[in-house]
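First up is the structure itself, then whatever we jot down about it.
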Amino acid sequence: MRTAHRTCPLCEAVCGLRLTLDDTGHVTSVKGDPDDPFSRGFICPKGASLGRLDSDPDRLRTPMIRTGGTWREAGWEEAFRAVERGLTGVIETHGRQALAVYLGNPTAHTMAGALYGAPLIRALGTRNVFSASTADQMPKHVSCGLMFGDPMAVPVPDLDRTDYLLMLGANPLESNGSLCTAPDFPGRLKALRARGGRLVVVDPRRTRTAALADEHLFVRPGTDAYLLFGIVHTLLAEDLTSVGVEAEGLAELRALAEDFAPKVVAETCGVPADVIVRLARELAAAPTAAVYARIGTCTAEFGTLAQWLVDVVNVLTGNLDRPGGVMFAKAATETGRRRKPYTTGRWHSRVRGLPEANGELPVATLADEIATPGDGQVRALVAVAGNPVLSAPDGPRLEKALRGLEFMVCVDPYLNETTRHADVILPPPPVLHSPHYDFSLLAFAVRNYARFSPPVLPPEPGRPSEAEILARLAMIASGQGADADPALLDEMILDQMLRRAVETPGSPVEGRDAAELRAGLEGGSGAELRLDAMLKLGPYGLSLAELRANPHGVDLGPLEPRLGEVLRTASGKVELAPPRLVEDVDRLRARLAAPAPEMVLIGRRHLRSNNSWLHNVEPLVGGSNRCTLQVNPDDVRRLGLGGHAVVRSAAGEVTVPVEPTDSIMPGVVSLPHGWGHAGSTQRVAAEHAGVSVNALTDASAVDAPSGNAVFNGVPVTVVPA
Numbered sequence: 100m101r102t103a104h105r106t107c108p109l110c111e112a113v114c115g116l117r118l119t120l121d122d123t124g125h126v127t128s129v130k131g132d133p134d135d136p137f138s139r140g141f142i143c144p145k146g147a148s149l150g151r152l153d154s155d156p157d158r159l160r161t162p163m164i165r166t167g168g169t170w171r172e173a174g175w176e177e178a179f180r181a182v183e184r185g186l187t188g189v190i191e192t193h194g195r196q197a198l199a200v201y202l203g204n205p206t207a208h209t210m211a212g213a214l215y216g217a218p219l220i221r222a223l224g225t226r227n228v229f230s231a232s233t234a235d236q237m238p239k240h241v242s243c244g245l246m247f248g249d250p251m252a253v254p255v256p257d258l259d260r261t262d263y264l265l266m267l268g269a270n271p272l273e274s275n276g277s278l279c280t281a282p283d284f285p286g287r288l289k290a291l292r293a294r295g296g297r298l299v300v301v302d303p304r305r306t307r308t309a310a311l312a313d314e315h316l317f318v319r320p321g322t323d324a325y326l327l328f329g330i331v332h333t334l335l336a337e338d339l340t341s342v343g344v345e346a347e348g349l350a351e352l353r354a355l356a357e358d359f360a361p362k363v364v365a366e367t368c369g370v371p372a373d374v375i376v377r378l379a380r381e382l383a384a385a386p387t388a389a390v391y392a393r394i395g396t397c398t399a400e401f402g403t404l405a406q407w408l409v410d411v412v413n414v415l416t417g418n419l420d421r422p423g424g425v426m427f428a429k430a431a432t433e434t435g436r437r438r439k440p441y442t443t444g445r446w447h448s449r450v451r452g453l454p455e456a457n458g459e460l461p462v463a464t465l466a467d468e469i470a471t472p473g474d475g476q477v478r479a480l481v482a483v484a485g486n487p488v489l490s491a492p493d494g495p496r497l498e499k500a501l502r503g504l505e506f507m508v509c510v511d512p513y514l515n516e517t518t519r520h521a522d523v524i525l526p527p528p529p530v531l532h533s534p535h536y537d538f539s540l541l542a543f544a545v546r547n548y549a550r551f552s553p554p555v556l557p558p559e560p561g562r563p564s565e566a567e568i569l570a571r572l573a574m575i576a577s578g579q580g581a582d583a584d585p586a587l588l589d590e591m592i593l594d595q596m597l598r599r600a601v602e603t604p605g606s607p608v609e610g611r612d613a614a615e616l617r618a619g620l621e622g623g624s625g626a627e628l629r630l631d632a633m634l635k636l637g638p639y640g641l642s643l644a645e646l647r648a649n650p651h652g653v654d655l656g657p658l659e660p661r662l663g664e665v666l667r668t669a670s671g672k673v674e675l676a677p678p679r680l681v682e683d684v685d686r687l688r689a690r691l692a693a694p695a696p697e698m699v700l701i702g703r704r705h706l707r708s709n710n711s712w713l714h715n716v717e718p719l720v721g722g723s724n725r726c727t728l729q730v731n732p733d734d735v736r737r738l739g740l741g742g743h744a745v746v747r748s749a750a751g752e753v754t755v756p757v758e759p760t761d762s763i764m765p766g767v768v769s770l771p772h773g774w775g776h777a778g779s780t781q782r783v784a785a786e787h788a789g790v791s792v793n794a795l796t797d798a799s800a801v802d803a804p805s806g807n808a809v810f811n812g813v814p815v816t817v818v819p820a
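In this note's numbering, the protein residues as written are 100 to 820.
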């Protein structure tokens, strides 16, 4: 028996794990690492199941090639040559704009996904870039880009020091947090209350997080921007502001807020006017306060406006870039921020003319780009670690579109609802055979921290790492062929990184020799060499060797004010009224007069689920982790519902078991996302198939500034089955 330590890669909480393995390398137990200074022994059911996930017999171990409707196993060299033929054929016939790439959520949770996604996109040479970001958090990136000049400058609540936390559309007791990396989020919220702080949760459901709060307020789905504007109106009208940063646009913001007084927005959002006023006064009076909003507010019709108003409130109450308010993390691998102010719409999608944001097009229009004939029609797709048939809006239409592709290659460990339409599947090694470092997530941490996890188990003979798979795809896409050495890509990237660093004024290595710096890098792979370089060039001057010597992680201290370091707006100030968002307020104002739908649909999270890819792990399925339609008992009686209901929308319909519960407000029903595994080759998932909520979501409905899909507040009708 032996013990190994590593970071859990299954969600954004980055918890430290302590694994026990027998002499054959089989995981016998997974527990929280009590010596990790950030997570301090916390673990959730997902992390505890990591060994079962790695040993899942339905995981693919070798490449798969499909000929007609038949799958067969193939060797790695044969598979890469098949990819070369497929991509080259499309490029030569239709050009590079006939290629598309989709990056799924797990790419943010692996070293390979974080390091090789951008090189793969550049190698493909296409503007048809899609990811899970436009089904999740793009409104936050766009609002931060327009306010602060950098879409990655996302302020996070200083959970461990705040006195008052207003949380909208987030359920971290089940999601473990999002765009806010905080292991043991439940414990941190309990500590907030124990020290005399106040927690207020705004959500259409009385979630587990809402049940923990001092106060829970029901809000009509998709109307968070109205509630927040009511708070802004009160802060300005009652002169409760204490802006502590240099800001532009206060007068214009004041004029905009005039139309959204609490008594005006109360009927639309469902929160009484006197409560909205009280929230504003409480936020202004608290010694420190933070407003935090997540996926429920992002995946809505006015997602970007809601995210903007969150940080407007944080600015107006004097809580931006302040201990106990919202602050910017300083990641150990941060090697420089944007140089130019942020913009969107540098190009638009071919069919619907939707604007680019962060170099991506909305996933809501991926099916359009594949299915609509004409110059630039997408003919080939590279999909990495994603299942958009279940995660993108109007999944059935996207699935139909995928069948019409000339070529598709997927990097994925499963034959799932999306990858079954591929021509080639390249499965990455299991988690425990791979190194781990959280490049993306530690940029949103509530405490500065770093931890590297070497592979727990040695590489499987003859099997490339995930990094090598993605590097070889990039080499193929760039025209260098299936036999090109992927190490050449790493060396090119390292050379560019080091040369830029020595030429940058103020860099810690300014004026030094790039070749000398390269000679001093350590690491057993290209990914580890690049990590070592980023650490050494980063703000703490760490190294991979230092992280190896500290297997439980390194505490880098509490968040500190650093707005001046991250601000990249043209004015050099926080923009309270960016023109693109001011323009979208017209849309918000116009919707005030529109009648509310009788019934709307929202999604929900499960503690023992993560999108679609953990539904094949038997210990995680069952209990509360079920695909049911939550309905308020008053609506059950009013609609005459029995054991099952038919839910219909503009996009489609599903039949689903009814779960009556007073935890959801009347007029709202809830389905969890990630289900719909009927006919799956994943045996456990097929036994608990459920239905896909994205058979009901409408791909034509997006948040205008960001292109994010609308998954919450979807108008539906519900009738007895």
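Glycine included, each C-beta is placed from N, C-alpha and C at the ideal position. In this text, all values refer to a predicted model and were calculated from it rather than measured experimentally.
Could you tell me which residues DSSP pairs with residue i in its beta bridges?
i, result
"LYS130", "ARG117"
"GLN729", "GLU758, SER769"
"ILE394", "Its beta-bridge partners do not exist; DSSP assigns none."
"CYS509", "ALA482, ILE524"
"TYR263", "ARG297"
"LEU202", "SER230, VAL483"
"THR816", "ARG747"
Using CA coordinates, which residue listed in the options is at the minimum distance from residue i?
i, options, result
"ASP157", "THR796, VAL716, VAL792", "VAL716"
"ARG353", "GLU345, ALA669, ASP338, VAL530", "ASP338"
"VAL376", "HIS772, MET100, ALA336, ARG438", "ALA336"
"HIS240", "ALA385, PHE328, TRP170, VAL409", "VAL409"
"THR403", "ALA324, LEU334, SER230", "ALA324"
"CYS726", "ALA744, ASP734, PRO136, THR127", "ALA744"
"VAL344", "VAL753, LEU326, ASP420, ARG667", "ASP420"
"GLY605", "GLY435, ARG101, ARG737", "GLY435"
"ARG151", "THR119, PRO638, ALA428", "THR119"
"SER711", "GLY561, GLU609, VAL792, GLY115", "VAL792"
"ASP121", "VAL813, VAL730, GLY140, LEU556", "LEU556"
"THR760", "CYS110, LEU198, ARG305", "ARG305"
Given a cut-off of 8 Å, decide if residue j and residue i are closer than it, judged by their beta-carbon atoms.
i, j, result
"ILE524", "THR517", "no"
"ASN227", "CYS143", "no"
"PRO492", "ALA798", "yes"
"PRO756", "LEU728", "yes"
"ALA566", "LEU214", "yes"
"ASN515", "GLY203", "no"
"LEU634", "LEU616", "no"
"ARG117", "HIS125", "no"
"ASP474", "ARG451", "no"
"LEU666", "PHE247", "yes"
"SER831", "LEU700", "Limits of the chain in this structure are 100 at one end and 820 at the other, which puts residue 831 out of reach."
"LEU264", "VAL545", "no"
"MET251", "ALA669", "no"
Locate the beta strand (DSSP E) running through residue i, then write down its first and last residues.
i, result
"ASN547", "546 to 549"
"TYR215", "TYR215 -> not in any beta strand (DSSP E); alpha helix (DSSP H) instead, spanning 210 to 223."
"THR106", "101 to 106"
"GLY656", "653 to 657"
"ARG502", "Taken as a continuous stretch (DSSP letters only), ARG502 belongs to no beta strand (DSSP E), as it is neither H nor E."
"HIS315", "314 to 316"
Please report the straight-line C-alpha distance between residue i and residue j, rounded to a whole angstrom.
i, j, result
"GLY739", "VAL818", "8 Å"
"THR603", "ALA430", "19 Å"
"MET764", "ALA749", "22 Å"
"GLY751", "GLY444", "31 Å"
"ALA217", "GLU172", "29 Å"
"GLU505", "THR123", "43 Å"
"SER448", "ASP313", "45 Å"
"SER128", "GLY561", "28 Å"
"LEU620", "ASP631", "6 Å"
"LEU497", "GLY146", "32 Å"
"ALA399", "ARG393", "11 Å"
Just reading off the alpha helix (DSSP H) that residue i is part of, what are its end residues?
i, result
"THR187", "175 to 193"
"THR333", "323 to 336"
"LEU355", "349 to 356"
"VAL699", "Here VAL699 belongs to no alpha helix (DSSP H); instead the beta strand (DSSP E) covers 699 to 701."
Is there at least one non-hydrogen atom of the ligand MG closer than 7 Å to the beta-carbon of residue i?
i, result
"GLY402", "Absence of the ligand MG from the depicted structure is noted, as is the absence of any ligand whatsoever, leaving it without description."
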